[in-house]
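As given, the protein sequences belong to chains A and B, one line each in that order.
Oh and the first sequence: position 242 is 242 in the UniProt record's numbering, straight run, nothing missing.
Oh and the second sequence: position 35 is 35 in the UniProt record's numbering, straight run, nothing missing.
A virtual CB, placed ideally from N, CA and C, is assigned to each residue, including glycine.
Predicted model, so just to flag it, every value in this text is computed and none were measured.
Heads up, the thing below is written out as structure tokens.
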Amino acid sequence: MNQETDFTSLAKSSGEWLRGTGPESDIVISSRIRLARNLADFPFIRRCTDEDRDNIERSVRARMEAMEDWKEIRYIDIEELAEVDRQFLVERQLISREIAEADGSRAVAIDPGEQYSVMINEEDHLRIQVMQSGLDLQTAWARIDALDDKLEGSILYAFHEKYGYLTACPTNVGTGLRVSVMLHLPALVITRQIEKVFRSMQRINVTVRGLYGEGSQYSGDFYQVSNQVTLGHSEQSLLALVGDEVVPQIIQYERKARAFLIEQNQQDLHDDVSRAMGILSTAKKISSEETMHYLSKVRMGVNLGLIGDVALATINKLFIHTQPAHLQKLHGRVLGSSDRNVQRATYLQRHLLGGHGQGELN
Amino acid sequence: MKCQYCEKPATFHITELTEPAGPKIMHLCEEHARGFLQKESDSPVASVTNALAKQLQLGQSKKELAELDQKECPVCGISFFEFRNTGRLGCPYDYSFFETDLIPLLTNIHDAIEHVGKRPRRLAASADSQAEMIQLRREMEEAVELENYERASEIRDELKRMERELSRPAADDPASADEDLSSREGENQS
Numbered sequence: 001m002n003q004e005t006d007f008t009s010l011a012k013s014s015g016e017w018l019r020g021t022g023p024e025s026d027i028v029i030s031s032r033i034r035l036a037r038n039l040a041d042f043p044f045i046r047r048c049t050d051e052d053r054d055n056i057e058r059s060v061r062a063r064m065e066a067m068e069d070w071k072e073i074r075y076i077d078i079e080e081l082a083e084v085d086r087q088f089l090v091e092r093q094l095i096s097r098e099i100a101e102a103d104g105s106r107a108v109a110i111d112p113g114e115q116y117s118v119m120i121n122e123e124d125h126l127r128i129q130v131m132q133s134g135l136d137l138q139t140a141w142a143r144i145d146a147l148d149d150k151l152e153g154s155i156l157y158a159f160h161e162k163y164g165y166l167t168a169c170p171t172n173v174g175t176g177l178r179v180s181v182m183l184h185l186p187a188l189v190i191t192r193q194i195e196k197v198f199r200s201m202q203r204i205n206v207t208v209r210g211l212y213g214e215g216s217q218y219s220g221d222f223y224q225v226s227n228q229v230t231l232g233h234s235e236q237s238l239l240a241l242v243g244d245e246v247v248p249q250i251i252q253y254e255r256k257a258r259a260f261l262i263e264q265n266q267q268d269l270h271d272d273v274s275r276a277m278g279i280l281s282t283a284k285k286i287s288s289e290e291t292m293h294y295l296s297k298v299r300m301g302v303n304l305g306l307i308g309d310v311a312l313a314t315i316n317k318l319f320i321h322t323q324p325a326h327l328q329k330l331h332g333r334v335l336g337s338s339d340r341n342v343q344r345a346t347y348l349q350r351h352l353l354g355g356h357g358q359g360e361l362n
Numbered sequence: 001m002k003c004q005y006c007e008k009p010a011t012f013h014i015t016e017l018t019e020p021a022g023p024k025i026m027h028l029c030e031e032h033a034r035g036f037l038q039k040e041s042d043s044p045v046a047s048v049t050n051a052l053a054k055q056l057q058l059g060q061s062k063k064e065l066a067e068l069d070q071k072e073c074p075v076c077g078i079s080f081f082e083f084r085n086t087g088r089l090g091c092p093y094d095y096s097f098f099e100t101d102l103i104p105l106l107t108n109i110h111d112a113i114e115h116v117g118k119r120p121r122r123l124a125a126s127a128d129s130q131a132e133m134i135q136l137r138r139e140m141e142e143a144v145e146l147e148n149y150e151r152a153s154e155i156r157d158e159l160k161r162m163e164r165e166l167s168r169p170a171a172d173d174p175a176s177a178d179e180d181l182s183s184r185e186g187e188n189q190s
């Protein structure tokens, strides 16, 4: 497979999870579930020799390639990738920052719809993840559970009768399950209620992080809510904690905050959203940070009916496609920061004004 | 006034407004105050190392801690000291080898010590056989390095045999396999 060509075509498409559909998709961008698994006959990654890592990668790959229904899989050797391509996969949320920045043999298997990815030799030997558009944890769970069963059919997992699936970090042991729901919460940010909401969340075993997870800045009003504990609760009860208790509550707070803004401040809000749309569709140079900031406002404007004729899927796609590695893949060459700002502005204009109606303001 | 977690003087008096039962006043020494104020840091390493620091401070004397730090897993060679600093274990056998020291940590992190979720359908390898396989693999790598290919191939066969042995389904007859499946489904609905 020619990885270069493949990446360019991947850059033009977008993952299923960006469709902008699914339950609660005005607030919930995506639902993601990941399982941490390790092979029983190898040490955890930190204590692996280079040969161990090679063996794990080769053996897991061979077993996956032999699996039914996995004929279309793209298998990418991360060690061989250029920096921009690793960054591209991080922006796309198909691999973690950790595996992108690690050393030694490591790989990712991706299905063509970008719903599954299986990272090999991340912090654990296997990190399996499934993404869905909107709040749809049950579908995501059904998919990942089936995939895990298939892998388990040919891979002997490290499992302990009492402690469950064994992981390199004791924070993942047991189910190895992390449920993450990505939320767009602009009204809670504007009304300054966000801190209060999250402080109350910390008491009930969930964590909140920025768009790209650990260590990143919260950007564009996106927040990721995940379960904190993995041991002592069944997978279903962890899904219920996040998907049936915590997230619906946050959604309700965000809806109330949006209703409040519309009622109390409609002119200011409309002005704010319109200016954001104006900058995005007329600027000649624009940074990534500014883009996130204004796209967030436009996304809220679309959801509140203040902007017509722009699809939610287009906005969702723009968040990802205007990031540095995506712009470079779409443009077909390496671009410096200043050139990227120009290309980003052009790309935004083309997608907000052209081919999707005039993106007119109501 | 003393710190409410140790014998040092309390120099920080923090009023926590977000407690469900109403405002709560904390009296802490500098060290514990720093820990308390930084508790929002949620990286796994930070949570493991913080939980460990807390647990060790409460339960162990300096001498006991020094001894514990030197304890080394016979399979992967990781010392408790290394684990304490990195928050990462070295191999599956560590959960058995450091079990006594890990239980309070697991309780602290998860508020539980027993897995109640999904289980592999096939027989799980025992901690001992997992350890044996990792050790055999090491021996095989050494044999290859010493160009002792005959020994390496013997070990490979032995590893294959063990994996085949462990690959048996948890239940041999279809009836009990069905039973096993339905009990799993029941569990999932809980």
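Taking 8 Å as the cut-off, decide whether the C-beta atoms of LEU269 of chain A and VAL298 of chain A are in contact.
Contact annotation: LEU269 of chain A and VAL298 of chain A have beta-carbon atoms that are not nearer than 8 Å.
So, is GLN266 of chain A buried or exposed, given that buried needs 16 or more other C-beta atoms within 10 angstroms?
GLN266 of chain A should be labelled exposed.
On a Cα-Cα basis, can you pick out the residue from A:CYS169, A:LEU166, A:ARG344, A:GLY153 that is closest to ARG164 of chain B?
ARG164 of chain B has its Cα closest to that of A:GLY153, out of A:CYS169, A:LEU166, A:ARG344, A:GLY153.
What separation, rounded to the nearest whole angstrom, lies between the Cα atoms of LEU177 of chain A and GLN349 of chain A?
If you take the alpha carbons of LEU177 of chain A and GLN349 of chain A, they lie about 40 Å apart.
Nearest to GLN93 of chain A by CA position, among A:ILE128, A:SER59, A:GLU72, is which residue?
When each option's Cα is compared against that of GLN93 of chain A, the closest is A:ILE128.
Using a 10 Å radius around the Cβ and a threshold of 16 neighbouring Cβ atoms, would you call ASP244 of chain A buried or exposed?
Residue burial is scored here from C-beta neighbours: ASP244 of chain A has fewer than 16 other C-beta atoms within 10 angstroms and is therefore classed as exposed.
Runs of 4 residues minimum, wholly inside the segment 75-115 of chain B: which ones carry the alpha helix (DSSP H) assignment?
Complete alpha helix (DSSP H) runs here, min 4: 80-86, 94-97, 99-110.
Neighbourhood of LEU304 of chain A by C-beta distance below 7 Å, restricted to the same chain and skipping five residues each side:
Cβ contact annotation for LEU304 of chain A (same chain, cutoff 7 Å, sequence separation greater than five): ARG258, ILE262, in chain order.
Do the CB positions of ALA40 of chain A and ALA158 of chain A come within less than 8 Å of each other?
Cβ distance < 8 Å, so ALA40 of chain A and ALA158 of chain A count as in contact.
Relative to the C-alpha of PHE97 of chain B, which residue among B:ALA112, B:CYS3, B:GLU72, B:VAL116 is closest?
Looking at the Cα atoms, B:GLU72 is the closest of the given residues.
Suppose contacts are defined by Cβ-Cβ distances below 8 Å. Is ILE78 of chain A in contact with ILE95 of chain A by that definition?
For the pair ILE78 of chain A and ILE95 of chain A, the CB atoms are nearer than the 8 Å cut-off.
Using a Cβ cut-off of 8 Å (strictly closer), state whether PHE44 of chain A contacts chain B.
With 8 Å as the cut-off, PHE44 of chain A counts as an interface residue toward chain B.
Looking only at its own chain, which residues have a Cβ that is under 7 Å from the Cβ of GLU139 of chain B, when we skip the five neighbours before and after it?
Answer for GLU139 of chain B: ILE155, listed in chain order.
For GLU152 of chain A, decide whether its Cβ has a neighbour in chain B, counting only Cβ atoms nearer than 8 Å.
At a cut-off of 8 Å between beta carbons, GLU152 of chain A contacts chain B.
Can you tell which of A:GLY336, A:HIS125, A:SER274, A:VAL179 has its C-alpha closest to the C-alpha of VAL310 of chain A?
Closest option to VAL310 of chain A, Cα to Cα, is A:SER274.
Pick from A:GLN138, A:GLU114, A:GLU101, A:ASN121: whose alpha carbon is nearest that of ASP54 of chain A?
Residue A:ASN121 is the option with its Cα nearest to ASP54 of chain A.
From the DSSP output, in three-state form, read off TYR163 of chain A for me.
It is coil, neither helix nor strand.
Taking the beta carbon of ALA142 of chain A as the centre, do at least 16 other beta carbons fall within 10 Å, making it buried, or is it exposed?
Classification of ALA142 of chain A: exposed, given that the 10 Å Cβ count is below 16.
With H, G and I counted as helix, E and B as strand and the rest as coil, what does DSSP make of TYR253 of chain A?
When DSSP states are grouped into helix, strand and coil, TYR253 of chain A belongs to the helix group.
If I follow the unbroken alpha helix (DSSP H) through ASN227 of chain A, where does it start and stop?
That residue, ASN227 of chain A, is in no alpha helix (DSSP H); its beta strand (DSSP E) goes 222-227.
For chain A, is any of its Cβ atoms less than 8 Å away from the one on LYS160 of chain B?
Chain A contact via Cβ: absent.
Neighbour flag for THR191 of chain A against chain B, beta carbons, 8 Å:
Judged by the 8 Å Cβ criterion, THR191 of chain A is not in contact with chain B.
When DSSP labels each residue in this structure, what does TYR294 of chain A get in the three-state scheme?
The answer is helix: DSSP assigns TYR294 of chain A an H, G or I state.
Under the three-state DSSP convention, the category GLY301 of chain A falls into
Here GLY301 of chain A carries a helix assignment [DSSP, helix/strand/coil].
Distance cutoff 8 Å, beta carbons only. Does ARG86 of chain A sit that close to anything in chain B?
Closer than 8 Å: no.
For ARG156 of chain B, name the three-state secondary structure that DSSP assigns.
DSSP places ARG156 of chain B in helix when its eight states are reduced to three.
Any beta-carbon of chain B closer than 8 Å to the one on VAL197 of chain A?
Taking a beta-carbon distance threshold of 8 Å, VAL197 of chain A does not count as an interface residue toward chain B.
Can you check the segment 5-85 of chain A for any alpha helix (DSSP H) of at least 4 residues that lies completely inside it and give the ranges in chain order?
Look at the segment 5-85 of chain A and you find these whole runs of alpha helix (DSSP H), each 4 residues long or longer: 50-65.
Measure from the C-beta of TYR149 of chain B to each C-beta in chain A and report whether the shortest distance is under 8 Å.
It does not; no Cβ of chain A falls within 8 Å.
Rounded C-alpha distance that separates GLU101 of chain A from ILE103 of chain B
Take the alpha-carbon of GLU101 of chain A and the one of ILE103 of chain B: they are about 32 Å apart.
N-terminal and C-terminal residue of the beta strand (DSSP E) that TYR116 of chain A is part of:
116-120 is the span of the beta strand (DSSP E), which, as asked, contains TYR116 of chain A.
Beta strand (DSSP E) segment containing ALA158 of chain A, residue limits
No beta strand (DSSP E) holds ALA158 of chain A; DSSP gives it neither H nor E.
Please tell me whether TYR5 of chain B has its Cβ less than 8 Å away from any Cβ of chain A.
Proximity of TYR5 of chain B to chain A, defined by a Cβ-Cβ separation below 8 Å, is not satisfied.
Contact list for the segment 222-244 of chain A against chain B, Cβ threshold 9 Å:
Taking 9 Å as the Cβ-Cβ cut-off against chain B, the residues of the segment 222-244 of chain A that qualify are GLN228, VAL229, THR230, LEU231, GLY232, HIS233, SER234, GLU235, GLN236, SER237, LEU238.
Give me the subset of the segment 31-42 of chain A whose CB atoms are less than 8 Å from a CB atom of chain B, sorted by chain position.
Cβ contacts with chain B: ASN38, ALA40, ASP41, PHE42.
I need the straight-line Cα distance from SER237 of chain A to ASP148 of chain A, nearest angstrom please.
Distance between the alpha carbons of SER237 of chain A and ASP148 of chain A: 18 Å.
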